[in-house]
Structures are given as structure tokens and as C-alpha cells.
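Asker: If you want the working numbering, it's the 1-based position in the sequence shown plus 21. Every residue gets a Cβ at the ideal spot worked out from N, C-alpha and C, and that includes glycine. This is the structure I have questions about; it appears just below.
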Amino acid sequence: MNLADLNKVAIAMTANGKGILAADESTGTIKKRFDAIATENTEDNRRDYRELMFRTAEAMKSYISGVILYDETIWQKAKDGTPLVKLIEQAGAIPGIKVDEGTKPLPNCPGELITMGLDKLPDRLPKYYEAGARFAKWRAVIDIGAGIPSYAAISTNAHALARYAALCQANQIVPIVEPEVLMDGEHDADQCYMVTEFMLKETFQQLYYQKVALEGIVLKPNMVVPGKKSSKKASVQEVAEKTVKLLKACVPGAVPGIAFLSGGQSDEEATAHLDAMNKIGNLPWNLTFSYGRALQAAPQKAWSGKAANVGAAQAAFIHRAKMNYLAAKGEWKADLEKKAA
Ligand code: 5MM
22 MNLADLNKVA IAMTANGKGI LAADESTGTI KKRFDAIATE NTEDNRRDYR ELMFRTAEAM
82 KSYISGVILY DETIWQKAKD GTPLVKLIEQ AGAIPGIKVD EGTKPLPNCP GELITMGLDK
142 LPDRLPKYYE AGARFAKWRA VIDIGAGIPS YAAISTNAHA LARYAALCQA NQIVPIVEPE
202 VLMDGEHDAD QCYMVTEFML KETFQQLYYQ KVALEGIVLK PNMVVPGKKS SKKASVQEVA
262 EKTVKLLKAC VPGAVPGIAF LSGGQSDEEA TAHLDAMNKI GNLPWNLTFS YGRALQAAPQ
322 KAWSGKAANV GAAQAAFIHR AKMNYLAAKG EWKADLEKKA A
């Protein structure tokens, strides 16, 4: 492992306001997104949609540091035959790859999940490196509900995250470590804080036991937010203060960057929260975005599967990417959204 090079990539992924486009929806997940815009989930449509984003020069050059791809996309070619990976590289962004193979029920733990995909990972990683991937992503999913999460779910998922991270680094690929505590439940922000704290502590313990070099990873956590069904809402400032407090308590300063997931927040909420955290300032790591839905909902709606709408979709993508770029520097203002509307 060349740690200096891994560290350079991890910094490039999270520095100077740039952030990551999570375009790694599996075929089942992109179907849900396409259903919402009445677009058929074909290989060509998936290619056309992703190609339009990777050809959005302003967003890709100025605001996006890297793109997380799904396995299908990393091997796919644009309509004119150019590999999609090349489009990303030509724009100056770094290609990355989701390497987990989704989740399965965790035995003896009703309602809980374990992320799959470790078995063949040592054989798959060199092929992804050769295809251009310089970072990877693995997502663990922790749900909050009656009697859950269990320690079994937290510890087995943290163990798998660390196994994946160690394998990535051995193959000169920066691992994005994503322990996601879902915001689907009725819990309030303080319960989210407690569970996320437990999950992060366990994850960093496992990373330590498995000798993962923290200088060569990027952490992709959830923010401290109430569940969608909670009756206790939290202000932007409360989310920002609680998330920063939690991260300071759990994430060593050796980690170069933290890139949040949006997790089902609205576009503007995800931007406002990131901005408020960066306005607090004096943080030991770069704090940026690695959004899927909060970057793509607007361009998907504008595109709606029609070639005639590509320009409108690209404009929507530029806007969202720029708002999050400003937020990653603590320079976003709500009225920038109104002006654009
Ligand atoms: C883009 O969505 C990703 C893929 O999810 P599936 O494996 O379930 O298809 C997802 O992992 C994503 O990278 C993160 O959860 C962040 O996305 P959001 O939408 O939460 O910002």
C-alpha cells in the first residue's frame, strides 16, 4: 500500500468545496427513481441519464470531485463509444465504484440487515482499479426501531466495513466507509445521536483492529437528524451542532475528509445542514457531500426520460452541485435558491 497516494486521493475527494456524486444506484433502486419520472428502466436509459450528468462540464469540473458508479456503469460506453469512466476523468473528477452487493437479513436479528459482498472482493478490486476506479464505497445499514439496533447488527456491520476497507487499501483504492443510520423511524435527534455514536465508535475500533490507515479513507456518515416519523423536529442549527459534536467525539483527526449522505432529506435541507456545519468551522477534517438523492432528484425530474430535456436536467444538476459546493465552504445562502427558482 502506498499511503501517501491514498491520502492524496482522499483529500482530492473532499477538499476545496468539491464533493461526490453518488450515482451508484443498483438496478432496483434506479427503477424506483425512474418510476417516479415515468421512465422505463432499460440499460440505454440508465446510460443516457448518467451520460448527461457526466457531460455537465460546469458541475463536473468545478463542483464534483468524484463519482460513485455502479458495476454496470463502470463498464458502459457513452452513445459515441467513449467509456463513461473517460468522461469523468476528462472532466477532472475521480471515478469510484460501489463494491458492496446489497444487504440480506442478519440471522437471529429480526428486522436487521448485514451488507454482503466480501467473498470475491479480493478478485474484483484489481479489475476495478484497472478500469479507473481510485476509490470504492461500501454501505452498512442500521435501522432504529423497537429493540433495535442490536449489538450483533452494529458489530457485524462494523466488522464487514473494516474488512472491506483493509482490502481496498491493499489494492491501492481509497475506501469510502459508509455506516448509515437510517432516518426512517419515529426516533428523535437524540436517539439518532446515540445510535450513530455507537456505530461510529464500533466502526473506528474495527478499523483499528484491522490495521486500516485512517489517512487513506473517507467517512460517509448520516447527519444527526430526527426520523421522518418523529414528532420532534430539529432546527438547522441543532442538526449542525449535534452532528459536529458527535463527529468530534468519534472521528479521529487523521481522517482527511467526511462526505455526508443525504439519507432522504430534501435537497435544500441537505445543503443547509452542510452549510451550517461548515459555518461552525475549526474542524479537523474537510466536511463535504456525497449525495445521491439530494443531488439528483431535481435533474431526474427535469429530464423525465426525454432527450429534449437534457439541457434543463444539466442546468438543474449544475445548480444543486453549486449550492452544495458553496455549503461545503460555509458560503451558501438560502436566497440563492430563491433566485434560481
Ligand atoms: C445513490 O444511492 C446509493 C445506492 O443505493 P442502493 O445500493 O440501495 O441501490 C446509496 O448507497 C448512496 O450512495 C448513499 O446512501 C447516499 O445516497 P443518499 O440518497 O442517501 O444521499
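Using a threshold of 8 Å, state whether the C-beta atoms of V88 and P131 are closer than that.
Answerer: no
Asker: Do R341 and the ligand 5MM come close, with the Cβ less than 7 Å from some heavy atom?
Answerer: no
Asker: Per DSSP, what are the beta-bridge partners of S311 in this structure?
Answerer: I41
Asker: Pick helix, strand or coil for A318, following the three-state DSSP scheme.
Answerer: Residue state, collapsed to three classes: helix.
Asker: Please report the Cβ distance between M244 and F281, rounded to the nearest whole angstrom; I am assuming they are in contact, meaning their Cβ atoms lie under 8 Å.
Answerer: Confirmed, about 6 Å.
Asker: Out of P320, A337, G248 and Y229, state which residue places its alpha-carbon closest to the alpha-carbon of P273.
Answerer: Y229
Asker: Give a yes or no on contact between the segment 244-264 and the segment 203-221, applying the rule of three or more CB pairs nearer than 8 Å.
Answerer: yes
Asker: With respect to the beta strand (DSSP E) encompassing K266, which residues constitute its N-terminal and C-terminal limits?
Answerer: K266 -> not in any beta strand (DSSP E); alpha helix (DSSP H) instead, spanning V257 to C271.
Asker: What residue range does the beta strand (DSSP E) around S83 cover?
Answerer: That residue, S83, is in no beta strand (DSSP E); its alpha helix (DSSP H) goes A78 to S83.
Asker: Between the alpha carbons of W353 and N37, how many angstroms are there, rounded?
Answerer: Distance between the alpha carbons of W353 and N37: 14 Å.
Asker: Closest to K52 by CA distance: which of K39, I41, G40 and N66 is it?
Answerer: N66
Asker: Just to confirm my understanding: we take L24, look at its own chain, exclude 5 residues before and 5 after, and list those with CB closer than 7 Å. What are they?
Answerer: A234, E236 and G237
Asker: DSSP state of S176, grouped into three classes?
Answerer: helix
Asker: Which term fits K39, buried or exposed, when burial requires 16 or more other beta carbons within 10 angstroms of its beta carbon?
Answerer: buried
Asker: Pull up the CB-CB distance for I194 and L146, whole angstroms please, since I reckon it's below 8 Å.
Answerer: The Cβ separation is near 6 Å, so the contact holds.
Asker: Does the distance from the C-beta atom of A329 to that of D296 stay below 8 Å?
Answerer: no
Asker: Roughly how many whole angstroms lie between the Cα atoms of L316 and D69?
Answerer: Taking the straight line joining both Cα atoms gives about 17 Å.
Asker: For the ligand 5MM, is there a heavy atom less than 7 Å away from the beta-carbon of I89?
Answerer: yes
Asker: Where does I169 sit, in a helix, a strand or coil, going by DSSP?
Answerer: strand
Asker: Do the segment 56-63 and the segment 257-277 touch if we need at least three Cβ pairs shorter than 8 Å?
Answerer: no
Asker: Going straight from the alpha carbon of Y91 to that of S83, what length do you get?
Answerer: 23 Å
Asker: Count the CB pairs spanning the segment 181-200 and the segment 135-144 that are closer than 8 Å, and state whether there are at least three.
Answerer: yes
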